[in-house]
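Accompanying notes for the structure given below.
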Amino acid sequence: MIIDVHTHINNYHEDRVTSLEASLNLLKESMKANSVDYSLVLTSYKVNEHRPSTRQVVEAIKGYKNLGVISGISYLNYNYKDICEIAKYLEEGHIKGLKFYPGYEPFYPNDARLKVWYEMAIEFDVPVMFHSGDTYSPTGKVKYSHPLHLDDLAVDYPDLKIVICHVGNPWIKDCMEVVYKNDNVYADISGLVLGDFSDKFERYMKKEIEEMITYAGDPKYLLYGTDWPLCNMKSYLKFMDQLELADDKKELIFWKNAAQLFKLDVDSL
Numbered sequence: 032m033i034i035d036v037h038t039h040i041n042n043y044h045e046d047r048v049t050s051l052e053a054s055l056n057l058l059k060e061s062m063k064a065n066s067v068d069y070s071l072v073l074t075s076y077k078v079n080e081h082r083p084s085t086r087q088v089v090e091a092i093k094g095y096k097n098l099g100v101i102s103g104i105s106y107l108n109y110n111y112k113d114i115c116e117i118a119k120y121l122e123e124g125h126i127k128g129l130k131f132y133p134g135y136e137p138f139y140p141n142d143a144r145l146k147v148w149y150e151m152a153i154e155f156d157v158p159v160m161f162h163s164g165d166t167y168s169p170t171g172k173v174k175y176s177h178p179l180h181l182d183d184l185a186v187d188y189p190d191l192k193i194v195i196c197h198v199g200n201p202w203i204k205d206c207m208e209v210v211y212k213n214d215n216v217y218a219d220i221s222g223l224v225l226g227d228f229s230d231k232f233e234r235y236m237k238k239e240i241e242e243m244i245t246y247a248g249d250p251k252y253l254l255y256g257t258d259w260p261l262c263n264m265k266s267y268l269k270f271m272d273q274l275e276l277a278d279d280k281k282e283l284i285f286w287k288n289a290a291q292l293f294k295l296d297v298d299s300l
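Each residue of the sequence shown is one higher than the last, beginning at 32 in the numbering used here.
This is how it looks when you write it as structure tokens:
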């Protein structure tokens, strides 16, 4: 079984507008071609013609047992109506977690303004995911997206389940320490490359991920994700195949950790 915890249906080619329906169809086609059983779709911190809202994505995937939604939360732009809407979706089970974008927006994860979201995530027992590491956009400010900042949050909110996206790349060693130290912190391996892995970069990343597992122990904290459509699903599966791990360890990464963390009913897939 394969669960991809990090996909998008945003339109990243902003010279043309791709419909939500077309983007969703492309995701389903890519999942089928690569034998991916379930994907989480992460919405953005901003909403425009290229980036659908949480409401739009929730409505679009209704009826699909193999898709779930993670709601993107903006630090700069939210109000009580947004909080009420997300709370309702959480209560009704329409979203599986929250996603924050430090680096793309100028804030540190332990900012007091976000306390209401963290308490909501604890109340409904869903994970919070954080962009971490390099930013796709050159206008991002990476001082905000360093994985070490998530240690503060993990300590201050021990009941909060935290996912460091992209294993904090290029600060993977810092990410591994935060994961190793805090039982409530996980990491996904998404977004390590744009498009396909080159042979040289694949070897480099293979060594980095294997070292992380050696240091932090059994990969009960590591989640499979791609960051599709920015990253190629087929190339990611080839990368996973290269990792020198026992099959039961790969199984944890591929789906078991995600199924438990996001409370997914895998028997229905």
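Think of the CB as a built atom: it goes at the ideal place given N, C-alpha and C, for glycine as much as any other residue.
ask   = What span of residues does the beta strand (DSSP E) with phenylalanine 364 cover, start to end?
value = The first residue shown for the chain is 32 and the last is 300, placing residue 364 beyond what the model contains.
key: Boundaries of the beta strand (DSSP E) in which alanine 91 is found, first to last residue   = No beta strand (DSSP E) contains alanine 91, which is instead part of the alpha helix (DSSP H) from 85-92.
ask   = Going by C-alpha distance, which of Tyr120, Lys174, Ile114 and Glu122 is nearest lysine 146?
value = Ile114
inquiry  = Excluding the 5 residues flanking leucine 179 on each side, which residues of the same chain have their C-beta closer than 7 Å to its C-beta?
reply    = Asp205 and Val209
query = What is the DSSP secondary structure of methionine 160, reduced to helix, strand or coil?
reply = strand
task = Below 8 Å on the Cβ atoms is my guess for isoleucine 193 versus tyrosine 217; work out the distance and round it to an integer in Å.
result = 7 Å
request  = Note the first and the last residue of the continuous alpha helix (DSSP H) segment covering valine 210.
outcome  = 203-212
key: The beta strand (DSSP E) enclosing valine 147, as first and last residue numbers   = Careful: valine 147 lies outside any beta strand (DSSP E), inside the alpha helix (DSSP H) at 146-155.
task = Could you give the DSSP three-state label for methionine 193: helix, strand or coil?
result = The displayed chain sequence assigns isoleucine, not methionine, to residue 193. Strand, per DSSP.
task = Take glycine 103 as the anchor and find which of Asn97, Gly94, Val89 and Ser299 has the nearest alpha-carbon.
result = Val89
request  = Leaving out five residues on either side along the sequence, give the residues of the same chain with a beta carbon under 8 Å from the beta carbon of lysine 251.
outcome  = Leu283 and Asn288
ask   = Taking one C-beta from the stretch 153-170 and one from the stretch 123-133 each time, how about it: are there three or more such pairs within less than 8 Å?
value = yes
ask   = What beta strand (DSSP E) runs, 3 residues minimum, are completely inside the stretch 204-279?
value = 216-219
task = Note down the Cα distance separating cysteine 262 from asparagine 97, rounded to an integer number of angstroms.
result = 20 Å
query = If you run the structure through DSSP and keep just helix, strand and coil, what is leucine 179?
reply = coil
inquiry  = Give me, in chain order, the residues of the same chain whose beta-carbon lies closer than 6 Å to that of aspartate 182; leave out the 5 immediate sequence neighbours on both sides.
reply    = Val209
key: Delimiting residues of the alpha helix (DSSP H) encompassing tyrosine 111   = 111-123
ask   = In chain order, what residues of the same chain lie with their CB nearer than 8 Å to the CB of leucine 184, ignoring the 5 residues before and after it?
value = Pro140, Asn141, Tyr149, Leu191 and Ile193
ask   = Using the rule of at least 16 other Cβ atoms within 10 Å of the residue's Cβ for burial, across every protein chain shown, is threonine 74 buried or exposed?
value = buried
task = Closer than 7 Å by C-beta to methionine 207: which residues in its own chain qualify, once you throw out the five before and the five after it? Chain order, please.
result = Met243, Tyr246 and Ala247
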